[in-house]
Amino acid sequence: MEFETVIGLEIHAQLKTESKIFCGCSTEFGAPANTHTCEVCLGMPGVLPVLNKKVVEYSIKMGLATDSTINKFNQFARKNYFYPDLPKGYQTSQFDLPIVEFGKVEIEVDGKTKVIGITRMHMEEDAGKLIHDDREPVSYVDLNRTGTPLLEIVSEPDMRSPEEAYAYLRKLHAILRYLDICDGNMQEGSFRCDANISLRPVGQEKLGTRTELKNMNSFKNVQAALEYEVRRQRDRLLDGEKIVQETLLWDPDRNRTASMRSKEEAHDYRYFPCPDLIPVVIDDEWIEAIRKTLPELPDARKERFVSEYELPAYDAAILTSAKDLADYFEEAVKCGANAKKVSNWLMTEFLRELKGEEISSCKVQAAQLGALLKMVEDGTISGKIAKIVFPEMMESGKDPDLVVKEKNLVQVSDQGELLIMVQEIIAANPGQAEDFRGGKTKLMGYFVGQLMQKTKGKANPKIANELFSKELSAG
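Numbered according to numbering that gives the first Met the number 0, the sequence shown spans residues 0 to 474.
This is the structure we're talking about:
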């Protein structure tokens with residue numbers, strides 16, 4: 000029996016505001032526990048929340064960027080449940096009247112495009128954080144995160160593979176970063192994902208029993224967890240066993256899911272409109288004012304990179320997948336470097352030397368990379384020497400010309416100087432020279448390699464090839 004995979008994602012994006020959603024406490028990450036709190040976010044008796052206008056603005060931005068419907072009348076509700084990190088005993092969220100509905104994003108997997116629907120987006124406050132002691136059975140509560148503004152983005156169950164889920168997650172992450180409304184830091188919990196997954200026989204309309212994967216904090220883990228769950232559910236169904244509806248956690252060390260709790264029935268959160276907050280009313284003028292602030296988004300920028308810089312679609316997709324990478328590329332090209340060569344360097348040498356760090360922490364500025372590639376184009380250094388210079392630039396932040404000067408790496412382009420060495424190499428290798436003249440033209444690489452070894456990689460390869468070709472032909 001063949002099965003079809005059905006996946007839906009719920010994403011929690013922490014909005015990039017300076018203060019919390021209903022009070023003036025800081026949202027800065029990493030402060031000592033329970034220092035960014037006040038009577039409002041701790042839910043003390045007699046206090047009243049005040050909605051942060053930036054949270055509404057950022058939610059509208061994301062709605063517009065995903066071609067969604069902005070609900071001009073929306074309302075906060077109380078979502079009632081009890082947990083140690085929820086001091087009020089309820090979460091202020093949105094239920095039947097969310098701020099955004101019916102959106103979509105386009106993804107690309109294996110060269111094929113697909114539209115993934117967005118059911119809704121709603122504003123809500125985050126809960127606190129439990130810190131479990133590894134040495135004894137004790138847990139501590141840090142309420143700094145309580146009241147931090149979140150935008151929950153709920154997809155339609157439109158994804159049919161872990162690869163599609165990965166692409167969708169990446170696309171939403173990129174849009175949020177382009178809009179500059181979420182820093183997207185998964186390690187700090189600014190961008191979190193829950194995934195619902197089920198299998199059903201191919202052709203069946205009814206959805207299968209789903210499991211929920213909670214709080215995954217990396218793109219790699221999301222895809223790995225979904226791939227594992229597809230295999231696990233398929234094996235159980237083929238063995239005639241039932242899938243149990245439950246909440247699962249992903250164990251990256253053991254590469255498997257583990258049961259967190261059973262979920263036989265949906266929770267009854269007893270939602271009701273929040274009596275402390277009036278409905279949010281948005282007019283057309285405000286929506287249009289926000290629309291005018293939207294930046295160039297990833298898909299539009301990708302198309303422009305293909306048309307303006309004549310890049311392959313693959314290159315353009317990689318470069319525009321992150322706003323800071325796309326900005327870095329354009330800045331380097333402005334310095335006069337060839338667009339395709341900048342693209343090649345960014346996708347290979349640059350990302351390898353960056354080692355997963357943020358581009359903002361990179362010591363090499365875009366103008367410096369552009370200057371390095373210009374030195375290659377001008378013949379000052381070879382591409383091989385540039386690969387020696389670049390790691391030193393990444394380590395020290397020095398300009399390329401300074402590194403080249405300090406290490407005496409200027410390319411040898413003097414034809415008279417190189418001719419003497421070329422003739423010496425040919426004289427020292429008569430057998431190879433005779434074979435070259437007999438038709439073994441691949442030996443050109445051997446001769447040039449000998450010259451590079453003699454000049455410690457500083458010989459101009461173009462001139463070297465021309466001189467060897469001329470001298471060997473003259474015979």
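Every residue gets a Cβ at the ideal spot worked out from N, C-alpha and C, and that includes glycine.
- Comparing C-alpha distances from Met0 to each of Leu237, Pro156, Pro48, Thr26 shows the shortest one belongs to Leu237.
- In the DSSP assignment, Ser92 forms a beta bridge with Ala76.
- When DSSP states are grouped into helix, strand and coil, Lys111 belongs to the strand group.
- Around Leu296, the same chain offers Ala64, Ile174, Tyr177 as residues with beta carbons nearer than 7 Å, after the five sequence neighbours per side are excluded.
- The Cβ atoms of Glu211 and Leu168 do not sit closer than 8 Å to each other.
- In the displayed model, Pro399 falls within a helix according to three-state DSSP.
- In its chain, beyond the 5 residues on either side, Glu187 have a beta carbon closer than 6 Å to the beta carbon of Phe28.
- Secondary structure of Ile419 (DSSP, three-state): helix.
- Cβ-Cβ distances below 7 Å link Pro399 to Gln367, Ala370, Leu371, Met374, Val388, Met392 in the same chain, with the five nearest sequence neighbours on each side left out; the list follows chain order.
- When secondary structure is reduced to three states using DSSP, Tyr313 falls in the helix class.
- Secondary structure remark: continuous alpha helix (DSSP H) runs of at least 4 residues inside the region 114-195, in chain order: 161-178.
- Taken atom to atom, the span from the alpha-carbon of Asp141 to that of Ala32 is near 5 Å.
- For Phe435, the enclosing alpha helix (DSSP H) covers residues 429-436.
- The residue from Glu163, Thr208, Gly438, Phe349 with its alpha-carbon nearest to that of Phe218 is Glu163.
- Judged by their CB atoms, Gly146 and Lys19 are nearer to each other than the 8 Å cut-off.
- By the Cβ-count criterion, Cys22 is buried, with 16 or more other Cβ atoms from all chains shown falling within 10 Å of its own Cβ.
- DSSP lists Leu150, Phe190 as the beta-bridge partner residues of Ala12.
- Here DSSP, grouped into helix, strand and coil, assigns Asn337 to coil.
- Three or more Cβ pairs drawn from the region 151-166 and the region 215-235 lie within less than 8 Å of each other, which places the two stretches in contact.
- For Leu248, the enclosing beta strand (DSSP E) stretches over residues 245-250.
- Contact annotation: Leu14 and Ile180 have beta-carbon atoms nearer than 8 Å.
- By the Cβ-count criterion, Asn407 is exposed, with fewer than 16 other Cβ atoms from all chains shown falling within 10 Å of its own Cβ.
- By the Cβ neighbour-count rule, Lys241 is exposed, with fewer than 16 other Cβ atoms within 10 Å of its own.
- Bridge pairing for Gly102: Ile117 [DSSP].
- Per DSSP, the unbroken alpha helix (DSSP H) holding Met451 starts and ends at 443-453.
- Straight-line spacing of the CA atoms in Pro200 and Gly7 works out to 18 Å.
- Under the 8 Å Cβ criterion, the region 308-320 counts as touching the region 333-346, having at least three qualifying pairs.
- At a Cβ-Cβ threshold of 8 Å, Ala338 and Leu310 count as neighbours.
- Rounded to the nearest angstrom, the gap between the Cα atoms of Lys362 and Ile384 is 19 Å.
- Contact between the region 75-87 and the region 97-113 is absent: fewer than 3 CB-CB pairs across the two stretches fall below 8 Å.
- Tyr327 is classed as buried because its beta carbon has at least 16 other beta carbons within 10 Å across all chains shown.
- In the three-state DSSP reduction, Leu50 falls in the coil class, being neither helix nor strand.
- A straight line joining the alpha-carbon of Met43 with that of Cys37 spans about 9 Å.
- As a beta-bridge residue in DSSP terms, Glu3 pairs with Arg199.
- Membership of Glu38 in any alpha helix (DSSP H) is not indicated, and neither H nor E is assigned to it by DSSP.
- Beta bridge pairing from DSSP links Leu212 with Ala194, Leu247.
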